[in-house]
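Everything in the sequence shown is counted per the numbering used here, starting at 17 for the first residue and increasing by one. The structure appears below as structure tokens.
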Amino acid sequence: NSTYEIRPEDVDFGEPKTPIGRGAQGEVYKVKYDGTTCAGKVIRTAGMTVPEQTKLYNSFRKEFALMCSVRNPRTVQVYGAVTGLKGQLVMVMEYAPEGSLRTMLDKGENVPLSKKMALGLVYDVACGMKALYAQGIHHRDLKAANVLLDHRFRGKVCDFGLSKAEALKTHLSSSLGASSVGTPAWL
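Below you can see the structure in the form of structure tokens.
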């Protein structure tokens, strides 16, 4: 969709290009877009065979379409995609300055969250999931690493890469099989 296409020159990756996060499909960088600090999920395609690129593009399109279809304060917002760079795709989305819930919990070293914060995060995640379900989207990989924290430590559900939408089914779900999605330790 050209509505969400971002020109490469409109995204400033800055220097040095140090990732703020890594996932199964790519790395996430802190970028500037329209004068705003954002997150840029960079997926490298250089060196891939045509079938591998096709599979990756289909997966990228699927996640992008899902993220664009949900507009809710408790889900990470996507602003657009840069598809005009050689050897990579970039999804530009909302930046969560406090990182992931997983990182926060790991830093706490067995110190429990306050009751107020824990209840707030449970509420935030429930609201984010409700918004996804209202759009017919089943996340299928909800975990602490896929909950990002904004500047007020409010939770936002992210990473819809393994999501399954009733209206957006692809060959991905049938070729992988229902039993092989998600993070194994969480299934």
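C-beta: ideal position from N, C-alpha, C; glycine also.
With contacts defined as CB atoms closer than 8 Å, glutamate 114 and leucine 165 qualify as a contacting pair. With contacts defined as CB atoms closer than 8 Å, aspartate 140 and glycine 171 qualify as a contacting pair.
Taken in chain order, the unbroken stretches of beta strand (DSSP E) that lie wholly in the segment 37-117 and span 3 residues or more are 43-49, 52-60, 94-98, 104-110. In this structure, the straight-line span from the alpha carbon of aspartate 28 to that of glutamine 151 is close to 32 Å. Spanning the alpha carbons of tyrosine 73 and proline 128 requires a straight line of approximately 41 Å.
Here the segment 58-71 lies against the segment 37-49, with 3 or more beta-carbon pairs under 8 Å apart. By the 16-neighbour rule on beta-carbons within 10 angstroms, glycine 100 is exposed. Restricting attention to Ile36, Ile153, Cys54, Leu158, the CA atom closest to the CA of alanine 97 is found in Cys54. If you draw a straight line from the Cα of aspartate 26 to the Cα of methionine 109, it comes to about 14 Å. For valine 138, no pairing in a beta bridge is given by DSSP. About 6 Å separates the beta carbon of cysteine 84 from that of tyrosine 20, a gap short enough to meet the 8 Å contact definition.
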